[in-house]
Structure formats: structure tokens, C-alpha cells
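A short worksheet on the structure shown next.
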RNA sequence: GUCCCCAUCGUCUAGCCGGCCCAGGACGCGGCCCUUUCAAGGCCGAAACACGGGUUCGAAUCCCGUUGGGGACGCCA
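Residue numbers (the working numbering): 1 to 505.
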């Protein structure tokens, strides 16, 4: 069974025995292994999320590994950003950068010796060989093959030469795996079911580049083995890498991990999600005023479902998540539904947290820092809660509630002209002294005054309230105006209204 | 060119070890209700089993093929 797999594994290799000795043998172990060549995008985030949920559900370990073997493109800044995004989403890792762990280091660039040792072992056993073809030659041959409409596989020309170190020198040569020609490889994929490949479709792929750096496929297998990874959960686009990796497990004589390939997330044009499809960076959603739990909830439902349920708490997610319920169909990222979900989460957020989250967004919307710190907490909560029902993002909430503070307002000129003209202005002027004469300035007293005047004038309440709304907020869209007026206070209300009345047009 | 994956409303999906499905939920869209506006909420509506063959008393569900989409084939990951 799955829980005794480590016992089999112990015979495999000295390093494995050593590494595995340091971790619990019956635990599920999964990993998320981004390459630090950019920000964390929503596709990667969902892969991380599924790994994390699987680990939490199974009471296993979630490991973070940085795949930075491409020195050209990897940056520390990128690593930092990815870690930040994962933290923001609440995906904490049990082992990895910054937290350490028993089978580290967790950055591939710091594990080069390990890969070289394993490559040497394969070389010694005659399962790998040196290749002295230059990248330029290979590139030219590949292009020619593609242009000719034939298979661009490596032809194995260096294979026959043998590992004559005197001739090759080892230096400057790449190391390739000698792939057998007969037989097949079957992936027992936990999402797709069995997938079968022929060895003959594979070529002798490179393990170590001529500069000694490992390639992706090689480093992944060495690390997954040494880190005791039991389940590899990753994107569909890795299916065709899997037979290569399994060939490597076999050459190394080690039991393979379980694989689960999840379908990719596509753009609206059904092609791979990319920058031209708009915001794909996880942290961009933070900046646009999304709640991490909304993003998580949206992402988890892209490819996974639990009956008719749409909204899940984190506890429900870890309780219900299972790979069996992950679908096989690629999903299109729909920002509109994300926005809806975010609105749902904003509505459910308690005012304390909401207010805390809102501060930077209010400042970004033009509320001064002084104004913000000058207001007491309860007042801020009231403003936040008055607007929280109708906002879909924190940005939207902040900008629509900005006018309640003593900041400038952006009056919608067209609307203002229409609503604040003629008779409406006269009504506002007539009402101001009456409001001032009110014994108390509260939402309740304001509303009853407005209702009374409306009935005397033979108008609807809205006809009287609407001009005030526009005068105060600059827009027709806002929460109930009387509570807002109460929060603003009589002085601010009068000043705003008078400013609006003086405006031309 | 070779290999692989996928195929239910516009989108996310339920159903898929066959009958409970003339296909359910959600977003979005349209309408109505509620309402001082906008939202939120409630109710109603339009909207899908890619196509063709089988197997079967019976298929969205199983099999084959076609078409369409996607991925991989790198000294990128």
C-alpha cells in the first residue's frame, strides 16, 4: 500500500537512505516547485493550492522547492515575489526556503553536487553517456527536422562512441540518458487514469548540461526522490515529461512517485494563459482589491467541485478536497465570476478586518493619511459596513466611499447637470434651514423630515433625496443617503451642498 | 511530422461503474418583486450533452471513428 512505500525505497541508494531516514516514513509528501523566472501566475497558484490542499487533507507535508537551474533567467526578486504571493494566499509550506527542513537545501542551485553525483553514477553504470554535439548543431538539426516534417528527436549519434573520457574529457560535454528502445511506460495518473508511452518515442535527453548544471527533468527526479515526494501534482503540460522522468526513476532503480496531472487554465481564446489575457499575476489581484480567500475559492473551483457548493471556507476545502474530484477538462479563467465571489467575501468580512484591509485602498483613492488616522475606528467601521454590501472589490469600495471623508469629490458633470438643475436646487436650498433646525442630526430624523416634505410637496422621497446624494457624492450611486449624512455630520453636509449649488451648469 | 491530453449552457461545473436527465447548480444575461438611488436578497426566464457509427430494451453516460481545441518533442522549466 501507499503507506509502506518507503520501506521499498530504502534499498535504492545511499543518499536516499540517508535522506529518507530524516523524514517520517508514512506521510504523504507533495511539493510545489516554481522556477523563479517571473511572478506567480494564477495557473501556478492553483497548482500550489491543489498540492497544499491535498497535503492538508491527508495530513501530509507540503514542500516548497525553487527550481533555479536556469541561471540566465532566475532572479532572487522573483523568488521573493513568489513567496509573498503564496503567503498572501495562505499557502504555508512545511519545508522550503526560509523555513528549512530535513532534506534541504530547497533551492536547486544549492544542490548541484547531488545531481552531479547521480549523473556520475549513471555514467559509471553505463546508463548515461557524454554527448559532444554543440547546442548550435543540435538546434540546427532540430529546425531542419521540423521543417522537413520529421521527428526532431536527438539521433543518438554520440551514444555509439562510448564514454571515452580521454577523448571527451568530460569537460564541455553534456550527459545524456541512454534510453532503451523496446517496451513502454505507463503513467498511473490519478486524474487521467492510465496513460501509455512507448520508449521508442523518447530520445536520449540531456541530464547535465555541458556547464554541469542539471536539466529540469533530471533535477526534478533526483529531488523528488531525495525529498521523499510521494505525489507529484502538476499541470497537464507536464504529461509528456513524465515518461522521461519515469525512465529516470527506473534507471536509478527507485520506485516512482504517484502522478496527478491537473488540466491547465486557459485564456478566453482557449490558448495558454498569458500576459496578453490581462491580469494573471496573483499579487496583481491583491493590488486590485481582491481578498485572498476569494482568489483561493475561485481557483479551487477551476477544475474541482463538490456538488453544487460554490463558496467554501478553508476548513471545508481541506476537509472535502480530493484528487478524484478533479476534472480532466481545461478551464477558462473568468474574471467576472472571480469578481462576484470577491463581492460575496467582502460582504461576509467583519468590519474590523474590512477596515484594516481598506486603509491602503482609501489612501490610494485619495483620502489623506491624516484624515484616516484622525477618524475613530467605529466611524471607519460604519463607513465600511455601509458600503460593503455593494462593493465587489476593495478598490471599488474605497473609491465609492471616499466622499464620506472630507476629501475632494469627482462630480459626474453630466449627472450633476441633470439632477442639480432648476427645481432640484430650489428644493435643496429650501431644505437646508429645515435640516439645521432639526433637534438632532441623525439618519432617522433626516428621513422623517424628508418624508414629510416629500408628501407636502407631492413628490416621491427619491425626488428629494437624489439631489442631495449627487450634491454630496457626485454620483447617483451610493448606499442609503441618510446614514451617510449622519456619518458626515451637519457641517460637512452643508459645506458640500453649498459647494455643489455654487457650481456652474 | 511524431507522441500525448481534452470535448455537457457564453463561462465554471453536476451527472459519466447506462434508465431517477426532454440534463441540475453557479457566474453572466433578460424580466419581476423588495427598495429613497445603486447594490444585496428573493422569484421567473433564455441558454448545453461537438458529429457519425456501433453495443443495448434503453446512452450525456460504454466502444470505435471523425472533427475541433490544447500540450509536448530545448544544453527552458
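From the three backbone atoms N, C-alpha and C, an ideal C-beta is built for every residue, glycine too. Predicted model only: the values in this text are computed from it and were never measured.
- Item | Limits of the alpha helix (DSSP H) - the one that residue 55 falls within | Annotation for residue 55: the continuous alpha helix (DSSP H) segment containing it runs 42-57.
- Query: Roughly how many whole angstroms lie between the Cα atoms of residue 433 and residue 332?
  - Reply: A straight-line Cα-Cα distance of about 57 Å links residue 433 and residue 332.
- Task: Determine the extent of the beta strand (DSSP E) in which residue 510 is found, giving its start and end residues.
- Result: The chain is shown from 1 up to 505; residue 510 falls before or after that span and cannot be answered.
- Message: Relative to the C-alpha of residue 262, which candidate in 190, 386, 203 has its C-alpha closest?
- Response: Measuring from the Cα of residue 262, the nearest candidate turns out to be 190.
- Task: Would you decide whether residue 534 is buried or exposed? Buried here means 16 or more other CB atoms lie within 10 Å of its CB.
- Result: In this structure the chain extends from 1 to 505, so residue 534 is not present and cannot be described.
- Message: Does residue 91 come out as helix, strand or coil in the three-state DSSP assignment?
- Response: coil
- Message: Measuring alpha carbon to alpha carbon, tell me which residue in 368, 52, 458 is nearest residue 234.
- Response: 52
- Query: So which of 488, 43, 18, 38 has the shortest CA-CA distance to residue 264?
  - Reply: 43
- Counting pairs of beta carbons, one from the segment 135-144 and one from the segment 176-187, are three or more of them closer than 8 Å? no
- Query: Leaving out the 5 sequence neighbours to the left and right, which residues in its chain are closer than 7 Å to residue 345 when beta-carbon positions are compared?
  - Reply: Taken in chain order, the residues that qualify are 291, 293, 294.
- Could you give the uninterrupted runs of the beta strand (DSSP E) lying entirely in the segment 220-303, keeping only those of 3 residues or more? 231-235, 258-262
- Task: Identify the continuous beta strand (DSSP E) that holds residue 206 and give its terminal residues.
- Result: The continuous beta strand (DSSP E) containing residue 206 extends over residues 206-208.
- Query: Hey, residue 511 and residue 152: beta-carbon distance below 7 Å or not?
  - Reply: Outside the shown range of the chain (1 to 505) lies residue 511, about which nothing can therefore be said.
- Decide yes or no for the touch test of the segment 31-51 against the segment 77-84: beta carbon pairs closer than 8 Å, at least 3 of them. yes
- Message: For a quick check, are the C-beta atoms of residue 401 and residue 383 less than 7 Å apart?
- Response: yes
- Neighbourhood of residue 49 by C-beta, 8 Å cutoff - its chain only, sequence neighbours within 5 removed: 89, 91, 296, 299, 300
- Query: Between residue 107 and the rest of its own chain, which residues show a CB-CB distance below 7 Å, the 5 nearest in sequence each way excluded?
  - Reply: 66, 68, 97
- Query: Could you give the uninterrupted runs of the alpha helix (DSSP H) lying entirely in the segment 109-149, keeping only those of 4 residues or more?
  - Reply: Qualifying alpha helix (DSSP H) stretches, in chain order: 112-124, 135-148.
- Query: Can you name, in chain order, every residue of its own chain whose Cβ lies under 8 Å from the Cβ of residue 335, other than the five neighbours on each side?
  - Reply: 278, 279
- Message: So, for residue 128: in the same chain, excluding its five sequence neighbours on each side, which residues have a beta-carbon less than 7 Å away from its beta-carbon?
- Response: 119, 122, 175, 176, 177, 178, 207
- Excluding the five sequence neighbours on either side, which residues of its own chain have a C-beta within less than 6 Å of the C-beta of residue 154, listed in chain order? 203, 204
- From this set, 429, 487, 452, 394, which residue's C-alpha is nearest residue 468's C-alpha? 429
- Could you pull the start and end residues of the beta strand (DSSP E) that residue 186 belongs to? 184-189
- Message: For residue 455 and residue 425, what's the separation of their Cα atoms in angstroms?
- Response: 18 Å
- CA-to-CA distance, residue 445 to residue 483, given in whole angstroms: 10 Å
- Task: Between the Cα of residue 102 and those of 479, 62, 338, spot the shortest distance and give me the residue it belongs to.
- Result: 62
- Starting from residue 174, trace the beta strand (DSSP E) both ways and give me its first and last residue. 174-177
- Query: In whole angstroms, what separates the C-alpha of residue 219 from that of residue 115?
  - Reply: 7 Å
- Message: Starting from residue 410, trace the alpha helix (DSSP H) in both directions and tell me its first and last residue.
- Response: Per DSSP, residue 410 belongs to no alpha helix (DSSP H) and is neither H nor E.
- Task: Starting from the Cα of residue 209, find the closest Cα among 182, 173, 231, 243 and give me that residue.
- Result: 173
- Message: I want to check one thing, is the minimum distance from the CB of residue 90 to the heavy atoms of the ligand GDP below 6 Å?
- Response: Among the components modelled here there is no ligand, and therefore nothing to report on the ligand GDP.
- Task: Classify residue 100 as helix, strand or coil using the three-state DSSP reduction.
- Result: strand
- Closest Cα partner of residue 246 within the set 286, 339, 195: 195
- beta strand (DSSP E) segments (min. 3 residues) lying fully within the segment 327-359: none
- Count the other CB atoms within 10 Å of the CB of residue 328; is the residue buried (16 or more) or exposed (fewer)? exposed
- Message: Just list the residues that DSSP pairs residue 64 with in beta bridges.
- Response: DSSP output for residue 64 lists 32 as bridge partner(s).
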